[in-house]
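To start, the structure itself, in structure tokens.
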Amino acid sequence: MQSLADYRTELKARGFDGFTDADLNRYINRAYHRVARKFQWYWEHAEVTASIVAGTDSITTATLPNFKSLKAMYITTTGHRRKLEVYDSEKFMQWLAEDHTLTAARGETTHYYVYGGKVYFIPVPSFALNYTAQYTRRMTDLAGDADVPILPTDTEEAIFQYALAQCHRRSNEPDRARDEEQRVDEIFDEMLDEDDMLMAEQQERIRPDNQWS
Numbered sequence: 129m130q131s132l133a134d135y136r137t138e139l140k141a142r143g144f145d146g147f148t149d150a151d152l153n154r155y156i157n158r159a160y161h162r163v164a165r166k167f168q169w170y171w172e173h174a175e176v177t178a179s180i181v182a183g184t185d186s187i188t189t190a191t192l193p194n195f196k197s198l199k200a201m202y203i204t205t206t207g208h209r210r211k212l213e214v215y216d217s218e219k220f221m222q223w224l225a226e227d228h229t230l231t232a233a234r235g236e237t238t239h240y241y242v243y244g245g246k247v248y249f250i251p252v253p254s255f256a257l258n259y260t261a262q263y264t265r266r267m268t269d270l271a272g273d274a275d276v277p278i279l280p281t282d283t284e285e286a287i288f289q290y291a292l293a294q295c296h297r298r299s300n301e302p303d304r305a306r307d308e309e310q311r312v313d314e315i316f317d318e319m320l321d322e323d324d325m326l327m328a329e330q331q332e333r334i335r336p337d338n339q340w341s
């Protein structure tokens with residue numbers, strides 16, 4: 129995926145080298161957000177698989193890139209696979225006040241709870257766990273030169289074309305801006321057609337999965 133600096137360099141190569149980097153960054157981010165809104169399902173859902181050692185009561189949400197909200201937690205350790213339930217909110221503060229370093233506080237984790245920038249495992253696991261966190265991501269502006277969009281690579285062209293339209297509009301070239309925006313719409317239509325075909329193929333292959341019941 130192209131970085132912020134890559135997009136900026138490409139816009140300058142198309143004749144917009146007279147714009148400041150700050151202006152170009154703004155147009156690129158406008159394009160980035162527009163494409164992201166159009167194809168929210170492309171990027172919003174994510175998952176991370178990792179592990180914790182026995183006695184670890186929580187992980188930080190910072191370990192889940194661009195974290196917005198948690199959808200589900202799964203234990204994937206062989207012999208202990210399960211979907212965790214959300215812990216009772218009224219009981220959580222009482223549990224949080226307990227001494228989680230005590231061996232007696234540990235057990236087989238069955239619940240989780242999100243609080244204060246952390247995801248807590250309840251009870252505290254008595255053995256090492258592998259887990260998968262499924263969550264929704266939030267978008268932030270591209271700020272550093274090396275920053276890249278969280279969108280799939282097939283949205284690169286749409287982001288660039290819309291940023292190009294912004295530059296033409298700023299340059300008082302409304303006809304050329306409209307041409308670029310029309311190209312973006314064509315790209316959107318092509319991507320939607322590809323998605324429809326992919327979804328049709330997936331529906332033919334899908335089978336119920338009851339392993340997490």
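Position in the sequence shown (from 1) plus 128 gives the number in the numbering used here. Each residue gets a CB set at the ideal place from its N, CA and C atoms; glycine is no exception.
*Between the Cα of H173 and those of V181, I180, S179, A164, spot the shortest distance and give me the residue it belongs to.*
Numbered from its first residue, the sequence shown carries residue 173 at position 45. The option with the nearest alpha carbon to H173 is A164.
_Rounded Cβ spacing between Y240 and S197 (contact assumed at less than 8 angstroms)_ = By 1-based counting over the sequence shown, the position of residue 240 is 112. By 1-based counting over the sequence shown, the position of residue 197 is 69. Between S197 and Y240 the Cβ distance is about 13 angstroms, and since that is not below 8 angstroms, they are no contact.
*How would you call Q330, buried or exposed, if buried means at least 16 neighbouring beta carbons within 10 angstroms?*
The residue labelled residue 330 in the question sits at position 202 within the sequence shown. Interpretation of Q330 is limited by its pLDDT of 41, a score under 50 that renders its predicted location unreliable; the figure taken from the coordinates is listed afterwards. So Q330 ends up on the exposed side.
_Output needed for T177: all residues of its chain with C-beta closer than 6 angstroms, excluding positions within five of it in sequence on either side, in chain order._
Counting from one through the sequence shown, the residue named residue 177 turns up at place 49. So the qualifying residues of the chain are T260.
*Counting along the chain, where does the beta strand (DSSP E) carrying N153 start and finish?*
Residue mapping note: residue 153 aligns to position 25 of the sequence shown, counting from 1. Premise fails: N153 lies in the alpha helix (DSSP H), 149-166, not in any beta strand (DSSP E).
_Just verifying my parser: in three-state terms, what is the DSSP assignment at M129?_
Working through the sequence shown from its first residue, we reach residue 129 at position 1. The answer is coil: DSSP assigns M129 none of H, G, I, E or B.
*With DSSP collapsed to three states, give me the class of Y215.*
By one-based count along the sequence shown, residue 215 stands at place 87. Coil.
_Burial state of M201, where buried means 16 or more other Cβ atoms lie within 10 Å_ = As a working note, residue 201 is residue 73 in the sequence shown. Counting Cβ neighbours within 10 Å, M201 comes out buried, since at least 16 surround it.
*asked:* Rounded to the nearest angstrom, what separates T206 and T268 at their Cα positions?
replied: Position 78 of the sequence shown holds residue 206. Position 140 of the sequence shown holds residue 268. One C-alpha to the other measures close to 37 angstroms.
*Quick one: give me the first and last residue of the alpha helix (DSSP H) that I278 is part of.*
Residue mapping note: residue 278 aligns to position 150 of the sequence shown, counting from 1. No alpha helix (DSSP H) holds I278; DSSP gives it neither H nor E.
*What is the residue span of the beta strand (DSSP E) that R265 lies within?*
For the purposes of this step, residue 265 is identified with residue 137 of the sequence shown, where counting begins at 1. 257-265 is the span of the beta strand (DSSP E), which, as asked, contains R265.
*Please report the residue range of the alpha helix (DSSP H) in which L292 lies.*
Indexing the sequence shown from 1 puts residue 292 at position 164. Note, L292: alpha helix (DSSP H), 284-298.
_Bridge partners for V247 per DSSP, in chain order?_
Numbered from its first residue, the sequence shown carries residue 247 at position 119. Beta-bridge pairing links V247 to I187, V242.
*Taking the alpha-carbon positions, what's the L152 to T189 distance?*
On the sequence shown, residue 152 is found 24 positions in, with the first residue counted as 1. On the sequence shown, residue 189 is found 61 positions in, with the first residue counted as 1. Using only the alpha carbons, I get a separation of about 32 angstroms.
*Tell me Y202's beta-bridge partners as DSSP assigns them.*
What you label residue 202 is simply residue 74 of the sequence shown in a count that begins at 1. According to DSSP, which records beta bridges pairwise, Y202 is partnered with K211, T260.
*Any idea what DSSP makes of T268, helix, strand or coil?*
Within the sequence shown, numbered from 1, the residue matching residue 268 stands at position 140. Coil at T268, not helix or strand.
*What is the DSSP secondary structure of P253, reduced to helix, strand or coil?*
The count along the sequence shown starts at 1 and reaches residue 253 at position 125. Strand.
*From T184 to L192, what distance separates their C-alpha atoms?*
The count along the sequence shown starts at 1 and reaches residue 184 at position 56. The count along the sequence shown starts at 1 and reaches residue 192 at position 64. Distance between the alpha carbons of T184 and L192: 17 angstroms.
_With distance defined between alpha-carbon atoms, name the residue in T237, V252, E284 nearest to T109._
Absent from the structure is residue 109, since the part of the chain shown begins at 129 and ends at 341.
_For A305 and R297, which I take to be in contact (beta-carbon distance under 8 angstroms), what is that distance rounded to the nearest angstrom?_
Within the sequence shown, the letter at position 177 stands for residue 305. Within the sequence shown, the letter at position 169 stands for residue 297. About 4 angstroms; that satisfies the 8 angstroms criterion.
_Considering Cα atoms alone, identify which of G272, E309, V242, E236 is closest to F288._
For the purposes of this step, residue 288 is taken as the residue at position 160 of the sequence shown. It is E309 whose Cα lies nearest to the Cα of F288.
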